[in-house]
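Residue numbers for the sequence shown, in the working numbering: 72 to 235.
Quick reminder that beta carbons are idealized off the backbone N, C-alpha and C, glycines included.
No experiment lies behind these values; they were computed from the predicted model shown.
Okay, structure first, notes after.
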Amino acid sequence: MRATDLVLTPMGLRFMGRVLPCSIGRGGLSERKKEGDGATPRGVHRLVGMLYRPDRMARPADWALPIRPSDLWSDDPSHEDYNLMVRAPYPHSHERLRRADPLYDLVILTDWNWPQAVPGLGSAIFIHQWRRPHFPTEGCIALSRDDLSWIAPRIRYETRLIIR
C-alpha cells in the first residue's frame with residue numbers, strides 16, 4: 072500500500088495520513104458482489120474518473136468532468152450500456168447523476184465491473200457524499216462533503232481504493 076491509496080479500515084477511510092469517517096453499503100463488505108445486494112465489493116479498485124456539479128461547486132481537480140442535466144448512469148444489466156454513463160432520454164433502467172440532493176455533487180468513479188461490465192455483478196461503485204454520518208449506501212463509499220472535497224484534489228493517477 073501507498074500513502075496515496077484510499078484504504079478502508081474498521082475506523083474509516085485512510086488517506087494521506089488521515090482516517091476519515093465513512094459509510095459503506097447496507098449489505099456490508101462482499102467477496103461476491105451482485106446487482107442489488109447493497110454490498111461494497113472487496114478488492115483493489117482503480118479510480119477512473121471524477122464528476123462534479125459545476126452549479127454547486129468549483130472544479131475539484133483539473134481532470135474532473137461536469138455533470139450535465141441529462142447525465143445518467145445505466146444500471147440495467149440486460150442492456151449493452153450497463154454500468155456506463157449515458158444521456159437522457161434513456162428508456163432503460165438508470166440513475167440520475169444530477170440529483171436534487173447533494174449526494175452526487177462530487178463523485179469519484181471506481182473501476183468496479185467497468186469498462187466491460189458483466190451483467191449481474193453490480194453497477195458502479197462510487198465514492199460520494201453521505202446522506203448523514205454512517206448512513207449506509209447501496210454499495211458505494213460515502214464521506215462528509217468536507218472530507219470528500221479534501222480528497223478530490225489530492226488523488227493521483229496511481230491512487231487506488233483498497234477494500235479488504
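Residue 102 counts as exposed, since fewer than 16 other beta carbons sit within 10 angstroms of its beta carbon. Annotation: residue 146 to residue 195 spans about 8 Å, alpha carbon to alpha carbon. With a cutoff of 9 Å on beta-carbon distance, residue 119 and residue 174 are scored as not near each other. Separation of the CB atoms of residue 136 and residue 121 is rounded to 7 Å, and the pair is thereby assigned contact status at 8 Å. Inclusion of residue 234 and residue 213 in the CB contact set at 9 Å is not warranted, their separation being larger than that value.
Under the three-state reduction of DSSP output, residue 138 falls in the coil class, being neither helix nor strand.
Within the same chain, Cβ atoms closer than 8 Å to the Cβ of residue 116 are found at 181, 182, 183, 196, 231, 232, 233 and 234, the five residues on either side in sequence being excluded. Spatial neighbours of residue 154 in its own chain (CB-CB distance under 7 Å, excluding positions within 5 residues in sequence) are listed in chain order as 145, 184, 185, 188, 194 and 195. The Cβ-Cβ distance between residue 93 and residue 201 falls below 9 Å.
Annotation for residue 208: 94 and 96 place their beta carbon closer than 6 Å to its own, counting only its chain and skipping 5 residues before and after.
Taking 9 Å as the cut-off, the beta carbon of residue 106 is found no closer than this to the beta carbon of residue 143. Beyond the five residues adjoining it in sequence on each side, residue 224 comes within less than 7 Å, by CB distance, of 131 and 132 in the same chain, given in chain order. Residue state for residue 74 is assigned as coil, using DSSP reduced to three classes. Under DSSP, residue 155 shares a beta bridge with no residue.
Straight through space, the alpha carbons of residue 204 and residue 83 are spaced by roughly 12 Å. If you look at residue 117, you'll find it isn't in any alpha helix (DSSP H); it sits in the beta strand (DSSP E) that goes 114–123.
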